[in-house]
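Chains as they are written, first to last, in this note's numbering: chain A, 1 to 574; chain B, 1001 to 1177.
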């Protein structure tokens, strides 16, 4: 069967099970948009290519399947670099197809030409420039394989226009042959046994669960390990939802804005069981004083993570689910031979910390409206399996702190890269992937203004996402740093609460817009928003701009120097 | 080479495809590793190329360098060649000022260093010398007083040393140990 390169590309995407793709056409990708008309793939027309990339990420986060985006060459390709980098930092499997000027004119500075493969090399797991239409099925097969196996990540396929138009003989490769790409997923048996032995000697162990748990679909296995051993679990920003927050062994989020118990339990621990986490600087604070007494078991599918920041006592390369399953067996075997230490003193200590240093804020009935109150009200008035999406900044940290994540894949946010503007498009992608679930984005006013136009996409495509803007009229996290570390010298952080008028803007984009100033209006408005299911909703919560995120470990500081915040200080705490 | 101890030689087998050098070089720059020298050429199998990379090990732990390199899809195999376990060579071309009356001195030096004379002009000679890095440096120092017009080095290439004992004898030795 003869197909054009473009037809082969669409057919290959179908063969890989692509149900939906996010994109925006243009000159160099035109030939590929033609066979799309006859394809089973649903295409969602975005308003900016960055949106296409983040939608693909939101889709991948929520479903576990690779997100697919397709855009044209030049400026479209550069617009999607941010989502690629975001996906690279957070190990999200996405496949991006870019158009390219005809191969015959590459290098001539043709219209809308850019070196897409060169530009995206450092922000993709791998990328390909197709030079022969006969390679299309093989490359697409390889691209999906690389994106979804080992440590997942973004890949990019650059498709020159003449290659799209030339004919090829259709085939579908049975297998992937990449001699330099053989991820090791099965953990080393002896290392796993050693890990179980260390766990059986620890008196103050904690599990430090990272995003790798979710990527490996290992949430249930993690729970089994925790319940078997009685070891408490910390879930990083990327791992929220991988262990139920309502579980007695849950300690919540560690790091720069982690809760006191999570942060301090790591500091005082004698054994960190790091599962799919990467000792990010936002978690460790000053590395030299991070968890000084702890031995480390480190499980990761990416060998380069082991020893990158902290040298593990037991390194295990492997897929988190497969390794934890084996670890559960090894623990059972070890416990059948000897008694494990009694953890009750450590458990008591953790409970004392939880009781003594909870997350705190004061909401007075007569205002001003506190952002934390909005988040808690949202949490308490939405279904338990609601997918929550956040941008980057104060609103993200409050949401991660205060939401009770009890199901995996209910939390979508930008961790490693910290991409403002992530929430609106990512929530659209998540809702497309999980249409039966309620999807709420909690966004900041600064973030919202970066990518809000994708709500036009959502309205046009009838994707009923809900956006809660915590509008404090500031770039809040930057303001917080200027207040605390730059002597309240506020430099270029004021945004205004009513420029733009968010409700009018929402309405102009085909959404329903609400505004909330009074604490007593919060819940009724959320209830109204929940009932709207035929179009997107935007709620403009006018919140107190003075509110700051606590606890806080200052950048580069030791986790021992955690600042708890004014409410706790008043209560006679630290 | 200024100081042998802080350098490591990596022999990296890669797929012979366009852009691979860029991927490797890009990885080094974005991770903050320094390349001291780099030599690339096709191997006996035309599907593969071999890169011999001399890494400044003070810029990053070697383990991280190799692990990150291994993540590149076209990288097939990385061998660290310890100085004692490898044969290594580097080639240097150098044009030295030398009018007729000085030629005999330079050719004498050349014969000591087993350098070859590739070209002779009225006022200069072009020499080729190969060997370990310190030999090339010694030769450079000795010809410098005459005046170096141009100098070009290839960077090092290396292969692992071969086993010296026949397999049988080795087995006997192992049993006794």
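Built from N, CA and C at the ideal position, the CB exists for glycine as well.
Nearest-angstrom Cα separation, counted from residue j out to residue i
| i | j | result |
| --- | --- | --- |
| residue 124 of chain A | residue 95 of chain A | 10 Å |
| residue 28 of chain A | residue 1077 of chain B | 37 Å |
| residue 421 of chain A | residue 447 of chain A | 4 Å |
| residue 311 of chain A | residue 296 of chain A | 8 Å |
| residue 15 of chain A | residue 128 of chain A | 19 Å |
| residue 1072 of chain B | residue 299 of chain A | 21 Å |
| residue 363 of chain A | residue 426 of chain A | 30 Å |
| residue 149 of chain A | residue 183 of chain A | 7 Å |
| residue 21 of chain A | residue 1036 of chain B | 44 Å |
| residue 575 of chain A | residue 429 of chain A | What is shown of chain A runs 1 to 574, which leaves residue 575 of chain A out entirely. |
| residue 292 of chain A | residue 268 of chain A | 8 Å |
| residue 71 of chain A | residue 32 of chain A | 10 Å |
| residue 1003 of chain B | residue 1065 of chain B | Unreliable placement is indicated for residue 1003 of chain B, whose pLDDT of 46 sits below 50; the coordinate value is still reported in the next sentence. Those two C-alpha atoms are separated by around 20 Å. |
| residue 194 of chain A | residue 7 of chain A | 52 Å |
| residue 380 of chain A | residue 244 of chain A | 16 Å |
| residue 255 of chain A | residue 108 of chain A | 49 Å |
| residue 452 of chain A | residue 155 of chain A | 26 Å |
| residue 215 of chain A | residue 376 of chain A | 27 Å |
| residue 387 of chain A | residue 414 of chain A | 14 Å |
| residue 196 of chain A | residue 248 of chain A | 22 Å |
| residue 1101 of chain B | residue 1130 of chain B | 26 Å |
Anticipated Cβ contact below 8 Å, residue i with residue j, distance rounded
| i | j | result |
| --- | --- | --- |
| residue 163 of chain A | residue 103 of chain A | 6 Å |
| residue 202 of chain A | residue 302 of chain A | At roughly 25 Å, the Cβ-Cβ gap does not stay under 8 Å, so residue 202 of chain A and residue 302 of chain A are not in contact. |
| residue 412 of chain A | residue 58 of chain A | 6 Å |
| residue 1157 of chain B | residue 1057 of chain B | That belief does not hold up - the Cβ atoms of residue 1157 of chain B and residue 1057 of chain B are roughly 19 Å apart, past 8 Å. |
| residue 112 of chain A | residue 5 of chain A | Contact flag wrong, Cβ pair sits at about 19 Å. |
| residue 41 of chain A | residue 13 of chain A | 6 Å |
| residue 1087 of chain B | residue 1151 of chain B | About 24 Å separates the two Cβ atoms, so there is no contact after all. |
| residue 147 of chain A | residue 83 of chain A | The pair is not a contact, with the Cβ atoms about 13 Å apart (cut-off 8 Å). |
| residue 443 of chain A | residue 502 of chain A | Not confirmed; about 10 Å, so no contact. |
| residue 1010 of chain B | residue 1055 of chain B | 6 Å |
| residue 389 of chain A | residue 441 of chain A | 4 Å |
| residue 307 of chain A | residue 187 of chain A | Incorrect: roughly 16 Å between the Cβ atoms, too far for contact. |
| residue 73 of chain A | residue 120 of chain A | 12 Å between Cβ atoms; not a contact. |
8 Å Cβ cutoff, residue i in contact with chain A
| i | result |
| --- | --- |
| residue 1116 of chain B | no |
| residue 1074 of chain B | yes |
| residue 1049 of chain B | no |
| residue 1008 of chain B | no |
| residue 1032 of chain B | no |
| residue 1080 of chain B | no |
| residue 1059 of chain B | no |
Below-8 Å beta-carbon distance, residue i vs any chain B residue
| i | result |
| --- | --- |
| residue 215 of chain A | no |
| residue 639 of chain A | This structure does not reach residue 639 of chain A, given that chain A is present from 1 up to 574, and the question cannot be answered. |
| residue 417 of chain A | no |
| residue 156 of chain A | no |
| residue 186 of chain A | no |
| residue 181 of chain A | yes |
| residue 146 of chain A | yes |
| residue 304 of chain A | yes |
| residue 178 of chain A | yes |
| residue 516 of chain A | no |
| residue 121 of chain A | yes |
| residue 118 of chain A | yes |
| residue 126 of chain A | yes |
| residue 23 of chain A | no |
Any non-hydrogen atom of the ligand MG closer than 7 Å to residue i Cβ
| i | result |
| --- | --- |
| residue 1132 of chain B | Here there are no bound small molecules, and the ligand MG is not part of this structure. |
Report task. Run through the region 1082-1142 of chain B for me and flag every whole alpha helix (DSSP H) of 4 or more residues, listed as ranges in chain order. Result -> 1100-1112
Query raised in the report: Can you list the beta strand (DSSP E) stretches of 3 or more residues lying completely in the region 351-429 of chain A, in chain order?
Result: Runs found: 387-390.
Query - Any alpha helix (DSSP H) of 4 or more consecutive residues that is wholly inside the region 299-346 of chain A - result: Runs of the alpha helix (DSSP H) inside the region 299-346 of chain A: 320-337.
Query raised in the report: Within the chosen definition, does the region 257-277 of chain A reach the region 312-328 of chain A through at least 3 CB pairs nearer than 8 Å?
Result: Flag = yes, the region 257-277 of chain A and the region 312-328 of chain A touch.
Requested in this report: May I have a chain-ordered list of the alpha helix (DSSP H) segments no shorter than 4 residues that lie completely inside the region 17-61 of chain A?
Outcome: Listed in chain order, they are 30-36.
Query raised in the report: Can you find at least 3 beta carbon pairs, one from the region 230-247 of chain A and one from the region 202-215 of chain A, that sit closer than 8 Å?
Result: In short, these stretches touch, since the Cβ pair count reaches three.
Query - Segment contact flag, the region 64-84 of chain A with the region 467-481 of chain A, C-beta cutoff 8 Å, min 3 pairs - result: no
Report task. Please confirm if the region 126-146 of chain A is in contact with the region 176-194 of chain A, defined as three or more CB-CB distances below 8 Å between the two stretches. Result -> yes
Requested in this report: Please confirm if the region 331-339 of chain A is in contact with the region 500-520 of chain A, defined as three or more CB-CB distances below 8 Å between the two stretches.
Outcome: With a cut-off of 8 Å on Cβ pairs, the region 331-339 of chain A is not in contact with the region 500-520 of chain A, counting fewer than three such pairs.
Query - Cβ contact (3+ pairs, closer than 8 Å) linking the region 520-536 of chain A and the region 551-567 of chain A - result: no
Report task. Could you tell me whether the region 532-546 of chain A touches the region 448-466 of chain A, where touching means 3 or more Cβ pairs closer than 8 Å? Result -> These segments touch.
Requested in this report: Identify every run of the alpha helix (DSSP H) within the region 115-156 of chain A, keeping only runs that are complete inside it and at least 4 residues long; order them along the chain.
Outcome: Here the runs fully enclosed are 116-120 and 136-148.
Query raised in the report: Going along the chain, which unbroken runs of the beta strand (DSSP E) with 3 or more residues stay wholly within the region 172-203 of chain A?
Result: Whole beta strand (DSSP E) segments, 3+ residues: zero.
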